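Encoded as structure tokens, the structure appears first; notes follow it.
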Amino acid sequence: MPETQRTSIPQEGKQEKQFFQALRDVFVGARVEGESGFVNLMGIKTRYYENGVFPRLKKDIDEALKPFPEFREELFDRLYNFFKRYFSESGSVYFRFTPPHEHVYEKVYTDDRDVALFWKTHILYYVKTDRLFRSMAVEVDGFRFFFDVSALEHKRANEKRTLVYAFKERQGDGTLALSVAYSERGRQTDLAGIRRAIKEALGLSRYTSQVPSEETLERAFRLFERQSEVDYFINKDARRFLQEQFNLWLYQYVFEPEEQQGTVWTERRVRQLQVLKEIAYRIIDFIGQFEEELVRVWNKPKFVLGSHYVITLDRIAGREGGMEVLERLLAHPGMAAQVEEWRELGMVGEDFTPEQVWVTDLMGKRLHERYQYLPLDTKHFPDPEMAIIALFDHLDQELDGWLVHSENYQALNTLLPKFRERVKTVYIDPPYNTGNDDFIYNDRFRHSSWLTMMENRLRLAREWMREDGAIFVNIDDTEQAHLKKLLELVFGDQNFLENFVWNNTATPPSLSRISRRNVEYILAFRKTAQMTELLGRPGEGNDAPLLNRGNPLRTICLPPKSVRFLIPDGRYMAGNRKRVRLIKDVEVVDGTNVTPLYLECESKWTQETIEQEVQRGTLFLIKSEDFSIRYLRSSQEWIPPDKYIDPQFLSRKAGVPTNESARKELEEMGVDFPSYPKPLGLALFFVRSAVNKEGFVLDFFAGSGTTGHAVINLNREDGGRRRYILVEVNDYFHTVLLPRIKKVVFSDKWRDGKAQPEGKGISHFVKYFRLEQYEEVLRRAHYQDDEAPLFVQDDPYTQYVFLRDPKMLDNAETGERVMEVNLERNEIRVDLSKLYPDIDLAESLSCLTGKWIRRIHPAQDDPTRPGRVEFEDGTAVDLQNPPWERVKPLIWW
47 MPETQRTSIP QEGKQEKQFF QALRDVFVGA RVEGESGFVN LMGIKTRYYE NGVFPRLKKD
107 IDEALKPFPE FREELFDRLY NFFKRYFSES GSVYFRFTPP HEHVYEKVYT DDRDVALFWK
167 THILYYVKTD RLFRSMAVEV DGFRFFFDVS ALEHKRANEK RTLVYAFKER QGDGTLALSV
227 AYSERGRQTD LAGIRRAIKE ALGLSRYTSQ VPSEETLERA FRLFERQSEV DYFINKDARR
287 FLQEQFNLWL YQYVFEPEEQ QGTVWTERRV RQLQVLKEIA YRIIDFIGQF EEELVRVWNK
347 PKFVLGSHYV ITLDRIAGRE GGMEVLERLL AHPGMAAQVE EWRELGMVGE DFTPEQVWVT
407 DLMGKRLHER YQYLPLDTKH FPDPEMAIIA LFDHLDQELD GWLVHSENYQ ALNTLLPKFR
467 ERVKTVYIDP PYNTGNDDFI YNDRFRHSSW LTMMENRLRL AREWMREDGA IFVNIDDTEQ
527 AHLKKLLELV FGDQNFLENF VWNNTATPPS LSRISRRNVE YILAFRKTAQ MTELLGRPGE
587 GNDAPLLNRG NPLRTICLPP KSVRFLIPDG RYMAGNRKRV RLIKDVEVVD GTNVTPLYLE
647 CESKWTQETI EQEVQRGTLF LIKSEDFSIR YLRSSQEWIP PDKYIDPQFL SRKAGVPTNE
707 SARKELEEMG VDFPSYPKPL GLALFFVRSA VNKEGFVLDF FAGSGTTGHA VINLNREDGG
767 RRRYILVEVN DYFHTVLLPR IKKVVFSDKW RDGKAQPEGK GISHFVKYFR LEQYEEVLRR
827 AHYQDDEAPL FVQDDPYTQY VFLRDPKMLD NAETGERVME VNLERNEIRV DLSKLYPDID
887 LAESLSCLTG KWIRRIHPAQ DDPTRPGRVE FEDGTAVDLQ NPPWERVKPL IWW
């Protein structure tokens, strides 16, 4: 073969290999073992690159370089030089490597904003932080361990979960193999069980030095867990971002003197640079195609799964036909589990029987006053559940709350159509990013990951809010400055209300040599100028004395919680004061009377008038131990809350304690919460400040459910109709949040985990469910893996290349078909149970369309199953055979 022909054949050089390896990394990312949707995603990405991108791109580059063979190595060197800045080990595309000398530019200002907040990951969706665990061997104290992660199911979202280890086998060379899993519902590693299993595997009758100690096992676990952590992101618009960055980079490459010393700008050189840009844009198109597909999956409306209701007995009995339904429930086999739950929650004693909920007297049969607010959980009654919800003609309007078990971005995005512009107050207590709250971050992106996580969710939360809505965000010094700028970015600096300073503890840590930190902050913003005021406490100058010299002495009684005391808590003994006589001892807790207040005094009002004023919401005040009682009618002015909220102000004037009381509150209720709860009074204070008696309250970092507790207590106090939506991702949704809501509904008085006889309940109806998660979609979404050509379009760079993939028309996890097409009948049938067995399609469609549910009708052939949902706008959907066009956004994108 002639020499000239041999040299015309493209040879893969060092720069070319380096570039294609880097390009493969951006699609595939680091290898991940285990079982998860992310592992499946790596497989989809690998095929997309190996069967589509690589051969097509190589062919196009070879063709483009035919006139310029000498430009080949420079082309790949320049491409690598540019794209290496944006590749990450998780396959995300963003500002990963940007040293100052690289001259990476970004527009961070606008015509109306001369100061802006910039962070490296602001162009991304934050998905989760997880560890890239790989199976590995470690040696500790002479023992060799092998940690097997082949069956590890990765985290679904950014929930807080620990690893659990179990003994698997003793391998031939004596290595002790351990399986690795994430904890479910609080499960922990059984160290004693692992040692026992090793002893038995060795055939030993007793423990010897051949069995590793618990300390040795724990050291081995710590060594294994020192594997890299990765932030998973999705670029919101990778194509636009990379094109913009490439144009800036190319400008630098072409015009900066240090880059182009001695360059002669011939026509050939200009054409070479045109080829460089064309190839770069084609690579960007490939990257953009896949990132856009991930954005579609991330923002796909998610299915509502595993729905149930918690409803107090009085709410059932009060409906037409409700007494008969309640009789059926009390006689149902599921009632045994329900009664056991009531006992475990401390609501009833060991001798309780379902018959005790009834009282029969001259007035007939009715619910016992003590048991009328027992919360019935429909999960115990799968068959009659439909009979319960069929009692309600305007189902969604009847609900007092929604509890959502989900990663909060997915919840905010999925439920947005249903709650758009309905929420009066958002109150959240997000992770503070201190390293003490188990919210894991990669150190390189500590602040930026936190900001991206918050920015994604705050922008959605704003869309939930009414025009006169307000948002309150708890934070400490770690992220306070960043958070304020972020809130200004989302809500506008003109909508900043206040940075409240809260004296959060009476016992600040004393480890620091700089200061003893005893404050946190609550940043308050409004959505628009329609929100004009916050209610702090009654205006002291507007109250009036109830005592009037010359009036006859009267004996008056003020019921519990009707008097606000601005004096210390405690028991005040009966006896004479300056102008009044305290007839009975009175107990004051959290600034209000928990027992009736009996006074003899020269009262302006009779007992009848006082009772009428209490009903109208009039507040009574005692400011000194003289007990000179005053009153403030509800129509009178409240003054705004103080900026600095100290214990005296909180405890006495606003009813808000410090952090020390938060854990005590849960302990009294018998609720074990492993994290750092906020005191109930703090949530009460801010919910009351922005929501009068009606309105929705949203908390998408719900934790133990303090915000829901606050809403319920306020409604119990003033008869309001505030409603709540709580979102929580962690497993304690079922072990802490849900039980707490049930307890709060049944009684407002608890001690040692038991409801107290003097406690007051409230009628309540709440729905709880979980949402499908992004990771679950990745598990089930079917992308073709056959030998058919991946790119069938003439232009695979800009045309949608995933058009022929079934997505969730098939279940990739089980291989079952979800959609069947009958050409003879010209119909499409969808069987969603092939995806999930517990889909609540009525709620899924309600969230998808924004239509509120009026009524759910039982199926004609099976009254225990939902047959048809009727929405408030009069439209209806057949739930047994849903129309394809209604469910399409849930399964194909």
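Residues 47 to 939 in the numbering used here are what the sequence shown lists, from first letter to last.
Think of the CB as a built atom: it goes at the ideal place given N, C-alpha and C, for glycine as much as any other residue.
Note that the coordinates shown come from a computational prediction; the quantities given were computed from them, not determined experimentally.
Gly538 versus Arg768 - alpha carbon distance: Rounded to whole angstroms, Gly538 to Arg768 spans 27 Å at the Cα level.
Give the range of the beta strand (DSSP E) segment to which Tyr770 is assigned. Counting along the chain, the beta strand (DSSP E) containing Tyr770 begins and ends at 767-774.
Given a cut-off of 9 Å on the beta-carbon distance, is the pair Glu324 and Ala457 in contact? No, Cβ-Cβ distance for Glu324 and Ala457 is not below 9 Å.
For Ile169, the three-state DSSP class (helix, strand or coil): Under the three-state reduction of DSSP, Ile169 is assigned to coil, being neither helix nor strand.
May I ask you to list the residues that DSSP assigns as paired with Cys647? Partner(s): Arg600.
Exposed unless 16 or more other CB atoms sit within 10 angstroms - verdict on Pro723: Buried, since its Cβ has 16 or more Cβ neighbours within 10 Å.
Have a look at Ser892, Ile902, Ala905 and flag the residue whose alpha-carbon is nearest the alpha-carbon of Pro940. This structure cannot settle anything about residue 940, because the visible part of the chain is limited to 47 through 939.
Nearest by alpha-carbon distance to Asp764: which of Glu859, Leu665, Glu706 is it? The shortest CA-to-CA distance from Asp764 to any of Glu859, Leu665, Glu706 is the one to Leu665.
Hey, would you say Asp777 sits closer than 9 Å to Arg207, going by beta carbons? Result yes, Cβ atoms of Asp777 and Arg207 sit closer than 9 Å.
Less than 7 Å between C-beta atoms, sequence neighbours within five positions excluded: which residues of the same chain meet that for Gln61? Excluding sequence neighbours, Gln61 sits near Glu119, Phe122, Asp123, Tyr126.
Phe666 by DSSP, collapsed to three states: which one? Note: Phe666 maps to strand in three-state DSSP.
Do you know offhand how far Gly249's Cα is from Pro258's? Approximately 15 Å, taken between the alpha carbons.
Rounding to the nearest angstrom, what Cα-Cα distance links Gly582 and Tyr132 in this structure? Cα to Cα, Gly582 sits roughly 49 Å from Tyr132.
Count the other CB atoms within 10 Å of the CB of Gln906; is the residue buried (16 or more) or exposed (fewer)? Per the 10 Å Cβ criterion, exposed.
DSSP-derived helix/strand/coil call for Leu783: The answer is helix: DSSP assigns Leu783 an H, G or I state.
Alpha carbon to alpha carbon, how far is Glu648 from Val640? Straight through space, the alpha carbons of Val640 and Glu648 are spaced by roughly 24 Å.
Quick one: Cα of Glu931 to Cα of Lys531, how far? Spanning the two alpha carbons is a distance of roughly 42 Å.
So, helix, strand or coil for Trp796, using DSSP? Correct three-state label for Trp796: strand.
Here's the rule: buried if 16 or more other CB atoms are within 10 angstroms of the residue's CB, otherwise exposed. What is Lys710? It counts as exposed.
Tell me the residue span of the beta strand (DSSP E) that contains His1026. No information on residue 1026 is available, as it lies outside the stretch 47 to 939 that the chain covers here.
On a Cα-Cα basis, can you pick out the residue from Tyr228, Arg190, Val210, Ser196 that is closest to Gly220? For Gly220, the nearest C-alpha among the options comes from Arg190.
For Gly913 and Asn759, what's the separation of their Cα atoms in angstroms? Each residue's alpha carbon lies about 36 Å from the other.
Select from Lys174, Phe193, Phe747, Lys91 the residue whose C-alpha is nearest the C-alpha of Ile474. The shortest Cα separation from Ile474 among Lys174, Phe193, Phe747, Lys91 belongs to Phe747.
The segment 362-380 touching the segment 429-444, judged by at least three CB pairs closer than 8 Å: In short, these stretches touch, since the Cβ pair count reaches three.
Starting from Lys464 and walking both ways along the alpha helix (DSSP H), at which residues does that stretch end? Segment 454-465, the alpha helix (DSSP H) holding Lys464.
Would you identify the three-state DSSP class for Lys699, choosing helix, strand or coil? Confidence at Lys699 is low in this model, with a pLDDT of 47, below 50, so the placement of that residue should be treated as unreliable; the coordinate-derived value is given next. In the three-state reduction of the DSSP assignment, Lys699 falls in the helix class, which pools H, G and I.
Of all the options Ile668, Val743, Trp651, which has the alpha carbon lying nearest to the alpha carbon of Gly637? The option with the nearest alpha carbon to Gly637 is Ile668.
Contact under 9 Å by Cβ, Leu391 with Phe792: Cβ distance < 9 Å, so Leu391 and Phe792 count as in contact.
Nearest-angstrom Cα separation, counted from Asp429 out to Ala382: Distance from the CA atom of Ala382 to the CA atom of Asp429, rounded to whole angstroms, is 15 Å.
Would you say Val450 and Leu772 are within 9 Å of each other, going by their C-beta atoms? Judged by their CB atoms, Val450 and Leu772 are nearer to each other than the 9 Å cut-off.
Inter-stretch contact (C-beta, 8 Å, three-pair minimum) for the segment 879-897 and the segment 919-936: Here the segment 879-897 makes contact with the segment 919-936; the two share three or more CB pairs at distances below 8 Å.
Can you tell me which of Gly896, Arg911, Thr895, Leu894 puts its alpha carbon nearest to the alpha carbon of Ala902? Note that residue 902 corresponds to Ile in the displayed sequence, not to Ala. Comparing Cα positions, the closest option is Arg911.
Would the beta-carbon of Ala590 fall within 9 Å of that of Arg676? Going by C-beta atoms, Ala590 is nearer than 9 Å to Arg676.
Expressed to the nearest angstrom, what Euclidean distance is found between the alpha-carbon atoms of Val632 and Ser670? When the Cα atoms are used, Val632 and Ser670 turn out to be separated by approximately 14 Å.
Inter-residue CB distance, Glu501 and Val536 (contact presumed, cutoff 8 Å): Contact between Glu501 and Val536 holds: CB atoms are separated by about 7 Å, below the 8 Å threshold.
Write down every uninterrupted run of the alpha helix (DSSP H) in the segment 313-372 whose length is 4 residues or greater and which is fully enclosed by it, in chain order. Counting only runs of 4 or more, we get 313-345, 359-363.
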